[in-house]
Structures are given as structure tokens and as C-alpha cells.
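Going down the list, the protein sequences come from chains F and A. Position 124 of the first sequence, counted from 1, bears residue number 602 in the working numbering, the numbering being contiguous throughout. Position 353 of the second sequence, counted from 1, bears residue number 831 in the working numbering, the numbering being contiguous throughout. A short worksheet on the structure shown next.
There are 2 protein chains.
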Amino acid sequence: MNNKKPLIALIMAGGKGERFWPKSRENLPKQFISLVGEGSMLQQTVARIDQLLPFERIFVITGKRYQDLVAQQLPKLPLENIILEPTGMDTAPCIGLGVSKIKKLFNNCNIVILPADHVIQDVEKFLQTIRFSDDFLNNGHEGILTIGIEPDRPETGYGYIKVEDHPCENEIYRVRRFVEKPDSNLAETYISEGNYFWNSGIFITDANYILKRIDEFLPELGSILKKIDSAMGTTQEESVLAEQYKNCPRISIDYGVMQREEKIFMIKSSFIWDDVGNWNSVGEYLKNENSNRILGEALLRDSHNNIVFNEGKAVLVGLGIEDLVIVNTADAILIAKKDRVQEIKKITEQLKVEHEELL
Amino acid sequence: MNNKKPLIALIMAGGKGERFWPKSRENLPKQFISLVGEGSMLQQTVARIDQLLPFERIFVITGKRYQDLVAQQLPKLPLENIILEPTGMDTAPCIGLGVSKIKKLFNNCNIVILPADHVIQDVEKFLQTIRFSDDFLNNGHEGILTIGIEPDRPETGYGYIKVEDHPCENEIYRVRRFVEKPDSNLAETYISEGNYFWNSGIFITDANYILKRIDEFLPELGSILKKIDSAMGTTQEESVLAEQYKNCPRISIDYGVMQREEKIFMIKSSFIWDDVGNWNSVGEYLKNENSNRILGEALLRDSHNNIVFNEGKAVLVGLGIEDLVIVNTADAILIAKKDRVQEIKKITEQLKVEHEELL
């Protein structure tokens, strides 16, 4: 008897991705746009994982309003594999709902849970890491296994995972603690200490195990998920979901579960990973022309360290400009100083009043 | 017998106006675009002078390629009042040709010669200055009368006229000398000395007098103009013009005539005058919003001292930007540091190679 459980992918594609305005919009968040490489972030995420899993075992969880978009972008994905949140929630409810839904079809399975909006390069290494993790769980280890990336610089934009000094098996370590995005001094310390890794936000666990843990650490959420679960497959499913889901506590899986979990492991990997948090991160992947990073038509003269993302029809000409992020789309042009890109969200709040059509 | 000669206006509209790219183009130079106020610079120039003169006495001299543009922009102007240069020349040949043409229709007249691309406000004061100048010439004074503007700041972007300490009549002075655009120290000196005025480039003279002077100071040009003049009104006119005009010396009226002329006067005036030499000058006339100068749709956050000229459909959003000139048109976006706008010409040279369609 082959007791290997099936591996399922659950891709979280419900984010708002406001930091990429004007390329991202309310009805077209980051995961649905193309920022780096060919295809949307979601399409690229699926293209990576479908080298390992058939489409029947790939699920996408997203907001109801994005259902059509996911279906359009992923024509090979069975429609029933799009799991819909009635309203946007944080990751604990989202994962709780997604896993509950998957468990109805695959009672006993491991699930790799992936954000839809990350850049991953060196796909073979990435897939191998998932295979190893799946094997680890299938070899009698209970718990949650996160993927940690070997840092190549003291990055302040990512959270870190601190692990034990010695692995418990091959590249797999017990996690000592999760740490928030550090300042640059702290980041330097992490790098020199050596047992700190970037938290990729990707993790693998048994479906029943994670639901049990949610129920234990977040009993309010657990009780709501049980009500939703009971209605699944009945005529009441939609109404119960709509009624119950909105009452979920808005808490992330990191705070709600990972940081309280004792059986928590990290698998070390070194594929190129980036959560591409803002326009500056996107710049890293664009064509380098005399220190400027350029996508689309741009002619820069005596201009340095700018990021130009030009998708509009107009040719962009720069003269003597420095350290700017310039994004041109069909109906909006953003020109921001590089060190201010984290404030783009404030801009969209202002647009809500003056130019709602541009959101 | 009324011996008052008619007054004629000759508007010079042949400039290339490359410094206003991307708003100005090779086939749409500065004088034909709207930069400040309603209508093109040329239309505004004509709208001012037609309060004083009927259209029959207004002439526009321009390059052959702009004939249709002038006719479109000035539907009330008789077609025969558009004087065409076969090729673009400097101001001495241009004025020589224009005055020769006018003299065929109005043998004995005064001519006010005006650039088509200046901003003038306080039109009543402007017209009064022209009336006074015309009267001065009609009252037995021979010579050339330029209009000088009382400076309100030590501007380094204009040429200056130095006059005698005392007027020879009302606001009219003999000119001592013309001086080039000064550096800022020199400009300060001019302002404190007090008998320096901005050279508006507008002047009034008798038609026969200026032709005589051209012939005297620039005999080569004079001889070409005589050949052209002989052919005027004959079937040979166009071919002689085409053949002869291209041989004219390329020299400005300032160098060629004004600076050598002894019977040269200046009438002092104080209307608001600006030759609007670059985008920074245009900024002065745009709506001031928290230190930014804005035309069109723009939303600037924590941004200061920028000039935004947005004629495109896209809304422009700025975040943390300073001292930029941003011009958005249907097919090109310029983003230039303010102190680099004089280099826009170099950009257009580069575009000649890479994007000729944008010139």
C-alpha cells in the first residue's frame, strides 16, 4: 500500500497590491499584473508549480471580485479550483478557508501554501525544496515547514527566521523564532550570526494538522471554519460562507499560528526569491542602461539611478534627473522620488477623493 | 492735406522654437502653440495689434512650410498678407523681404516689427507705446525706434538697451548701445545704474528708411533684395525669390543694422513683456499650487517648485519631487531638471536619430 499523501498547492491571490499604482489598480492588484518577466505574477507562480503538480491539485484562493480575472489568466485551471473569499481577510482566515475546501476533495494531503506575487528564479531548486519538504512530512514528521532563503545581503525589507545551529535533517532546521523586518544594524548582525534566513512566506504542512492548529490557537476562527465546513457541498454553502466569513478575526497566519507553533521547521534553500514589495524592487529586474533601469521606451540624458516603467504609448525623455521612479500607463503617470515609494498608498487615498476612476 | 503715413505691422513668425519640445515640434514651432493664455502665441500677437490696425495692415512673415498653419490660425488675415520665406533666414533678410513686400502696397508707411512669440500683458499700455512711437516718426524724426521695457529685476535672460541720461522727448531716449544678455553681477549693475532697459525686440521705423539702412550696412543683402523687388508682381516673382533668397547673408537685424545705426531711439514702456525663452519662463504664468506651477491635471504630494504642463489625457501624480519641468503630450513625456531646460535642443538632436516621428 502506497501511503504517500497527495501534495496540493494553495496559492493566495487575494492581496490588494496598492503599492504598484498606477500599474496596479483596485480591480487589478499586483498578483494580476506583469512586473517582472513574462505574464502576471500569478501566472508565473502557477507556471512554476505546475511543473510539479497537475492543475487538479493547484488551487487559487482570491476575493470574489477577482474570480473572472483568475479564470481568464489561468484558462487551464479547473474553475472549481478557484476558492472565493466573500471579503478580503488576513492570511489566517484565508488559509483556513482554503485548506477546509481542499480537504473536502483530498481528505489526507500535504499543502504547499504560496503567495501569488513573489519573484522566484531557479525554478528547479525551488521545486526540489518543495519535494524535500513534502518527503520530510511524509517520513513521519508532524508540523509546519517553512522555506527560508539564504540571505546574500543584510536586507531590511524582509522578515527573518532564526533557526537552531544544527539541522535536524539535511537542510531542515528547527525554528527558534520569527523576527520582523530589522533595521540595517540588526540586519548586519543577523547576517554575521549566520543562522538567520529570509522568511519566504511559503510553507508546507498537512491539511488536517494546520486546521487543528488554527482551531487550537485561534478558537474563534476555528469555530467559524467549522460552521462553513458543515455547509460545504450543501445548498447553504454560499449563504453560510457569506454570513460567517465576515466575522473572522483579521489575523495573519504568522502571528496567529506560526509564531506559537512548537513543531515548526525551516528548510534552507538558495533559489532567487523576492517578494517585490515596491517599485524599487521591480527596478532590480529591469534592463540596466547607464545606471538607469528601464522598461519600455525611454531616452535619458545625463540622468542616473532612475527606474522607468513605461507602458504608455508616449516616449519618455529625461534630462538631468536622478533617483526617480517613473511609471507611465494609459491614464496615469507617477513620478516619485525613490525613497518615497512606500507612500504611494497615501496617494491612492488622495485619489479616492479626486480621481476615483484611476484606482 | 493729411500727411500721416499709414502704420503697418509686420509679425515675424518664422522661428523654429525647439526649446519647447515636446509641446513644440518641427512642424509646430513655439509661435503656433499655446503656452500662456488662450490661443497660440501668434494669435495673441495678432489679437493685440488688431485693436490698433485693420487686418489689411497686418502682415505675417513666415517659412513656406507654415503657410497653411498661419492661414488656419488667422482666418481673418487676408491670404496675401502672409509673406513667405522660401527658406528660414535670420532677421535681417526676413525684415528686408517683409518690408520690400509691404512697400509695394503701401509705398510710404511706418512699420512696427514684432516677434510672434512674446508674452505681452497690459495691452492698452503696449498699444499706446506704439501710437507714441508712430507719432514720433511722423513728427519729423528720422530713424529707428525700439521699445525698451523698464526692468523690475536683474534678469540675465534678456538683452539690454543703454540710453542717454535724459529723454529727447517724453519717454523717448537716444540709444547709447545695445548689450548682450549679462551675467548676474552685470545685470545688477545695469539695474542700479538705471538707464538700462530690456530690449523687447519690437521696433518701429519708416519702410523706406530701414531698406535704405539695410542697403547701406549690408550691401550684399541689399543687392539681393533689389533683385527680388524688381521681380515682385511679375510672373518671375516666385522663381527669383527662390533663387535669390537662399543666398542672403544669415545675419540678425540687431547685428546688421541696429548696432550700427546712429539715428536710433528707444521708447520706454512698462507693459509686462516676456520673450518666454524656455519652460521655466512658461511656469511663471501657470497656476501656483503650493509652490508648484501647474497646467492640466496634476496631483503633487510633498513636491515643490515643479512646473507641470500636462496636456495629455493621463493624470500626473508627483511624490517627493522637486525642481522638475514635466511636460506631457499625446506622444511624449519630458521630465527635466529645471536648470537643464536649455539643453532640450540636444534632446531633439538625439531624437532625430532614434525617434524622428517625435520632432
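Backbone N, C-alpha and C define an ideal beta-carbon position, used for all residues, glycine too. Quick caveat: nothing in here was measured; it's all calculated off a predicted structure.
Listed in chain order, the alpha helix (DSSP H) runs fully inside the segment 697 to 728 of chain F are 697 to 709, 715 to 723, counting runs of at least 4 residues.
Spanning the alpha carbons of Glu-762 of chain F and Arg-728 of chain A requires a straight line of approximately 52 angstroms.
A straight line joining the alpha-carbon of Leu-605 of chain A with that of Arg-526 of chain A spans about 8 angstroms. Residue contact with chain F for Asn-806 of chain A: present (Cβ-Cβ distance below 8 angstroms to some residue of chain F). Legend: CB atoms of the segment 589 to 619 of chain F lying less than 8 angstroms from CB atoms of chain A are not found in any residue. Following the DSSP letters along the chain, one finds Trp-751 of chain A inside the beta strand (DSSP E) bounded by residues 750 to 752. Gly-796 of chain A has a beta carbon lying within less than 8 angstroms of a beta carbon in chain F. At a cut-off of 8 angstroms between C-beta atoms, Gln-820 of chain A does not count as an interface residue with respect to chain F. Listed by position along chain A, the residues whose Cβ is nearer than 9 angstroms to that of His-782 of chain F form an empty set, because the closest Cβ is around 11 angstroms away.
In the three-state scheme derived from DSSP, where H, G and I count as helix and E and B as strand, Phe-584 of chain F is classed as coil. Nearest in C-alpha terms to Leu-802 of chain F, of all of F:Glu-821, F:Gly-790, F:Ser-781, is F:Ser-781.
Using a CB distance below 7 angstroms, no part of the segment 738 to 769 of chain F faces chain A.
Within chain F, the C-beta atoms nearer than 9 angstroms to that of Leu-777 of chain A come from Ile-825, Gln-828, Leu-829, Glu-832, His-833, in chain order.
Counting only Cβ-Cβ distances below 8 angstroms, Asp-546 of chain A has no contacts in chain F at all, with the closest Cβ about 26 angstroms away. For Ile-785 of chain A, the closest Cβ of chain F is not nearer than 8 angstroms. Across the structure, Pro-593 of chain A and Gly-679 of chain A are spaced so that their CA atoms are roughly 7 angstroms apart. Sixteen is the threshold: since fewer than 16 other Cβ atoms of the shown chains lie within 10 Å of the Cβ of Cys-646 of chain F, the residue is exposed. Between Ile-561 of chain A and Phe-537 of chain A, the CB-CB gap stays under 8 angstroms. Judged by DSSP in its simplified three-state form, Ile-511 of chain A adopts coil rather than helix or strand. For Thr-607 of chain F, the closest of F:Trp-751, F:His-833, F:Gln-828 by C-alpha to C-alpha distance is F:Trp-751.
In the DSSP annotation of this structure, the continuous segment of the beta strand (DSSP E) that includes Glu-563 of chain A starts and ends at 560 to 563. Contact between Pro-632 of chain A and Ile-669 of chain A is confirmed by a C-beta separation of about 5 angstroms, below the 8 angstroms threshold. Minimum Cα-Cα distance from Phe-610 of chain F among the listed residues F:Ile-625, F:Val-597, F:Leu-664 corresponds to F:Ile-625.
Collapsing the DSSP output to three states places Leu-764 of chain F in coil. Put simply, the segment 484 to 491 of chain F touches the segment 538 to 546 of chain F. At least three CB pairs are less than 8 angstroms apart. Beta-bridge partners of Trp-757 of chain F (DSSP): none assigned.
DSSP links Phe-537 of chain A through a beta bridge to A:Leu-488. For Gly-734 of chain F and Arg-497 of chain F, the gap between their C-alpha atoms comes out near 25 angstroms.
Exclusion of the five residues before and after Met-744 of chain A leaves Thr-624, Gly-626, Ile-639, Val-641, Tyr-651, Val-653 as the residues of its chain whose Cβ lies within less than 6 angstroms of its Cβ.
Of the candidates F:Lys-508, F:Val-754, F:Thr-683, the residue whose Cα lies closest to the Cα of Phe-614 of chain F is F:Thr-683.
In the DSSP annotation of this structure, the continuous segment of the alpha helix (DSSP H) that includes Tyr-668 of chain F starts and ends at 662 to 671.
In this structure the segment 808 to 827 of chain F does not lie against the segment 711 to 731 of chain A, because fewer than three pairs of beta carbons, one per stretch, are closer than 8 angstroms. DSSP, read as helix, strand or coil, puts Ile-527 of chain A in helix.
If you compare the alpha carbons of F:Phe-510, F:Pro-553, F:Gln-599 with that of Phe-749 of chain F, the shortest gap goes to F:Gln-599.
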